[in-house]
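Undergrad: Following this message is one structure expressed as structure tokens.
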Amino acid sequence: MSADSAHFRLEEVAPGAWAALAGETGACVSNAGIIDLGDQTLVFDTFMTPEAGADLRSAAERMTGRSPALVVNSHHHGDHVRGNQAFGQATIISTDRTAELIADTSPGDLEAYEAQLTEWIASLDRKLVGSDRASDPLVHQDLELSRAMARSIVASLPDLTITLPTSTFADELMVEGSARTAKLITYGGGHTDSDTFLFLPDASVLFAGDLVWVGNHPWAGDGHPDDWVSIIYRMKELSPASVVPGHGTVANYEYAGIFTRYLTFLCDMVKQAEATSTSLTKLAETPIPPEYADWGSVSRYRSSLESLGSRVGLPPD
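Note that our numbering gives residue 287 to position 287 of the sequence shown, counting from 1, and the numbers run on in steps of one.
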């Protein structure tokens with residue numbers, strides 16, 4: 001049975017549990033999950049657009065035979081929550097802080113937001129004209145995906161309704177079904193001020209949200225990288241066998257060790273720049289280490305360094 005969409009593909013990560021892995025249309029750029037609890041269906045994150053969210057709901061219905069009753073928002077970023085409206089009367093669950101952040105950071109003036117996106121698309125068009133796919137394929141791919149995402153967001157705005165969580169929790173929530181239990185856990189803020197992950201003890205599968213990225217440079221500008229590393233080590237104490245990342249492919253949880261080394265590298269570069277009063281411009285020119293040179297979303301590497309450096313007060317030039 002297949003319930004793939006033009007926007008994503010499903011990968012079974014355990015009996016009754018699927019990762020919905022983002023494609024390249026731009027309507028979704030992050031991953032989601034579908035979990036059959038036995039008597040209920042749970043969806044983890046809802047993608048960037050209502051269109052992709054509706055496809056995710058349809059996929060959940062086809063794979064489990066019922067409409068999702070529960071939706072989890074891992075954190076507040078739009079690429080994980082703007083499909084919420086597609087889930088009708090489902091209970092939408094997040095941490096208290098994530099619910100606040102969705103409300104506070106979602107665009108209020110959609111016309112102004114559309115104008116900003118239109119300017120960004122024009123900028124990306126200009127960059128793509130000067131980009132050489134053959135000589136720098138990762139940069140070219142990054143620009144193309146960013147443009148596809150921006151165009152998809154613009155197309156979604158006429159029908160977009162910001163849909164907030166309807167139920168919140170503080171630290172941990174056990175969701176008990178007739179066939180399995182899902183643990184919703186937050187250890188505070190790492191990627192953002194508040195991040196939730198989902199763990200299936202019976203399958204040793206962890207849906208990490210953006211606490212883990214595979215083969216992609218993460219956005220760290222809203223995060224707390226030192227705490228982020230600590231959270232990943234704490235997650236390991238649950239003994240997960242595999243992880244569904246917020247971006248990238250499903251991986252053995254040991255991959256999280258590679259990702260923590262990347263985060264530690266970012267932290268070290270910013271601390272070193274602060275100690276030597278290095279400028280933001282110079283910090284952002286730090287070469288990507290060879291072990292991460294083939295990762296996607298290369299623009300996030302520079303923007304994360306700039307954001308983290310700005311936070312500690314580095315001079316612009």
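In this text, a Cβ means the ideal position worked out from N, Cα and C, and glycines have one as well.
Just so it is clear, the structure is predicted and the values come from calculations on it, not from any experiment.
I think V244 touches N31, with their Cβ atoms under 8 Å apart; what is that distance to the nearest whole Å?
TA: That pair is a contact at about 6 Å.
Undergrad: Short check: CB of V72 to CB of F44, under 7 Å?
TA: Yes, the Cβ-Cβ distance between V72 and F44 is below 7 Å.
Undergrad: Considering only residues of the same chain and omitting the five flanking positions on each side of R97, which have a CB-CB separation below 6 Å?
TA: Answer for R97: D193, S194, listed in chain order.
Undergrad: Could you pull the start and end residues of the alpha helix (DSSP H) that R62 belongs to?
TA: 50 to 64 is the span of the alpha helix (DSSP H), which, as asked, contains R62.
Undergrad: Between which residues of its own chain and D4 is the CB-CB distance below 7 Å, once the five residues before and five after are set aside?
TA: The residues are L10.
Undergrad: Is it the case that the region 206 to 219 contacts the region 159 to 177, given that we only count it when at least three CB pairs across the two stretches are under 8 Å?
TA: Cβ pair count under 8 Å is below three, so no.
Undergrad: Restricting to Cα atoms, I'd like to know which of T276, L37, S74, F8 is closest to D171.
TA: Comparing Cα positions, the closest option is S74.
Undergrad: Suppose contacts are defined by Cβ-Cβ distances below 7 Å. Is I34 in contact with A14 by that definition?
TA: Contact: no.
Undergrad: In this structure, does DSSP put R97 in helix, strand or coil?
TA: Helix at R97.
Undergrad: For the region 216 to 253, which segments carrying the alpha helix (DSSP H) assignment without a break, of at least 4 residues, lie completely within its bounds, in sequence order?
TA: Listed in chain order, they are 225 to 236.
Undergrad: Looking at the strands, I want to know which residues DSSP matches up with K183.
TA: In DSSP, K183 forms a bridge with M174, F199.
Undergrad: Could you check if Y233 is buried or exposed, using at least 16 other CB atoms within 10 Å of its CB as the buried criterion?
TA: When all chains shown are included, Y233 counts as exposed.
Undergrad: In angstroms with no decimal places, state the Cα-to-Cα distance between G215 and A241.
TA: Taking the straight line joining both Cα atoms gives about 18 Å.
Undergrad: Would you give the residue range spanned by the alpha helix (DSSP H) that D268 belongs to?
TA: 255 to 275 is the extent of the alpha helix (DSSP H) around D268.
Undergrad: Determine the closest residue to P50 out of E114, S156, E111, H77, with distance taken between C-alpha atoms.
TA: The option with the nearest alpha carbon to P50 is S156.
Undergrad: For a test of the three-state rule: what should DSSP assign to G78, helix, strand or coil?
TA: In this structure, G78 counts as helix in the three-state DSSP scheme.
Undergrad: So, with DSSP's three-state summary, where would you put V214?
TA: DSSP places V214 in coil when its eight states are reduced to three.
Undergrad: So, at 6 Å on beta carbons, what are the nonlocal neighbours of Y187 in its own chain, with the 5 sequence-adjacent residues on each side left out?
TA: Counting only Cβ-Cβ distances below 6 Å, and skipping sequence neighbours, we find I231, R234.
Undergrad: I'd like the span of the alpha helix (DSSP H) that includes R300, first residue to last.
TA: Segment 299 to 311, the alpha helix (DSSP H) holding R300.
Undergrad: Less than 7 Å between the beta carbons of S131 and H140, yes or no?
TA: Their beta carbons are under 7 Å apart, which means S131 touches H140 by this criterion.
Undergrad: Considering only the beta carbon of each residue, do M269 and T286 sit closer than 7 Å?
TA: In contact: M269 and T286 (Cβ atoms closer than 7 Å).
Undergrad: Taking the continuous alpha helix (DSSP H) assigned at A115, which residues delimit it?
TA: Run containing A115: 110 to 129, per the alpha helix (DSSP H) assignment.
Undergrad: Kindly indicate the opening and closing residues of the alpha helix (DSSP H) around L280.
TA: Here the alpha helix (DSSP H) through L280 covers 280 to 284.
Undergrad: Considering only C-alpha positions, which residue in the set A115, L143, E114, Q116 is nearest to L128?
TA: Measuring from the Cα of L128, the nearest candidate turns out to be L143.
Undergrad: Measure the beta-carbon distance from W213 to F265 and round it to whole angstroms, keeping in mind my assumption that it falls under 8 Å.
TA: No, W213 and F265 are not in contact; Cβ-Cβ is about 14 Å, not under 8 Å.
Undergrad: Would G318 and H224 be called neighbours here (beta carbons separated by less than 7 Å)?
TA: In the structure as shown, the chain starts at 1 and stops at 317, and residue 318 therefore has no counterpart that could be examined.
Undergrad: Just verifying my parser: in three-state terms, what is the DSSP assignment at T105?
TA: T105: helix per DSSP, three-state reduction.
Undergrad: Rounded to a whole number of angstroms, what is the C-alpha to C-alpha distance between S304 and Y255?
TA: Using only the alpha carbons, I get a separation of about 21 Å.
Undergrad: With a CB to CB cut of under 6 Å and the five nearest residues on each side skipped, what residues in its chain are close to L238?
TA: The residues are F199.
Undergrad: According to DSSP, is V13 part of a helix, a strand, or is it coil?
TA: It is a strand residue.
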